[in-house]
Every structure is written in structure tokens, then in C-alpha cells.
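Residue 32 in full-length UniProt numbering is what sits at position 32 of the sequence shown, and the numbering runs on without skipping anything.
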Amino acid sequence: MQRISGLIGGYGLAFLLALAFCALGLVLIKLAPSFHPLAVFGVLVGVYTVLALSLLDDDEPTAPKARDELPPRTGRRRRAAS
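So this is what it looks like as C-alpha cells:
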């Protein structure tokens with residue numbers, strides 16, 4: 001559920017437009033059969049947009065930092081017991 005709320009928060013307008021395309025397409029399929037090809041296109045655009053937005057995952061781990069980007073170490077190192 002947190003993933004969905006993050007998706008809606010990050011891409012709110014695109015997500016709402018995709019849902020609107022789906023809803024409008026389904027309504028047109030039911031109420032106006034003459035608009036059937038346009039309605040199917042609307043549903044497909046909405047579904048594929050939602051799928052594309054769900055693939056945009058910002059929580060992926062990033063590459064490790066280079067050694068010069070790491071903060072300096074403090075304290076002394078322990079010697080390995082020999």
C-alpha cells in the first residue's frame with residue numbers, strides 16, 4: 001500500500017489521468033458502442049500508463065560512493081589478532 005501511495009504522490013497527475021482514461025473508456029464501451037475503438041484505446045492507454053508508472057521505482061539502491069566521496073574515518077583501527 002505504501003508503494004501505491006508513493007506512486008500517487010510522486011506522479012499524481014499522470015496517475016489520475018491514466019485512471020480517467022480507463023474510466024472514460026469503460027463508460028464509452030458500455031454507453032456508446034459506436035465509440036468502441038476509441039474507448040478500447042483509452043483503456044489501453046490508461047492501463048499501460050499505470051504499468052509504466054509502477055515500473056518507475058525510486059527506491060532502487062544506488063551505486064556505492066567512490067572512496068573520495070566517503071566521509072573521513074575517525075578513531076583508530078583495531079589490529080587483527082594474530
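Yeah, the Cβ is synthetic: ideal placement off N, Cα and C, and Gly gets one too.
Next on the checklist: Restricting to Cα atoms, I'd like to know which of Gly46, Tyr48 and Gly25 is closest to Pro37.
Outcome noted: By one-based count along the sequence shown, residue 37 stands at place 37. Distance from the Cα of Pro37 is smallest, within the candidate group Gly46, Tyr48 and Gly25, for Gly25.
Checklist entry - Anyone know if the C-beta pair for residue 84 and Leu28 falls short of 8 Å? => result Residue 84 lies beyond the residue range present for the chain, which begins at 1 and ends at 82; the question has no answer from this structure.
Checklist entry - Just the Cα atoms here: how many angstroms apart are Gly42 and Ala52? => result Looking up residue 42 in the sequence shown gives position 42. Looking up residue 52 in the sequence shown gives position 52. Between Gly42 and Ala52, the C-alpha separation is close to 15 Å.
Checklist entry - When we look at the beta-carbon of Ala32 and count the other beta-carbons within 10 Å, is it buried (16 or more) or exposed? => result Taking the sequence shown and counting its residues from 1, one reaches residue 32 at position 32. That one is exposed.
Item to check | C-beta atoms of Gly46 and Leu16 nearer than 8 Å | outcome: The count along the sequence shown starts at 1 and reaches residue 46 at position 46. The count along the sequence shown starts at 1 and reaches residue 16 at position 16. Taking 8 Å as the cut-off, the Cβ atoms of Gly46 and Leu16 do not count as close.
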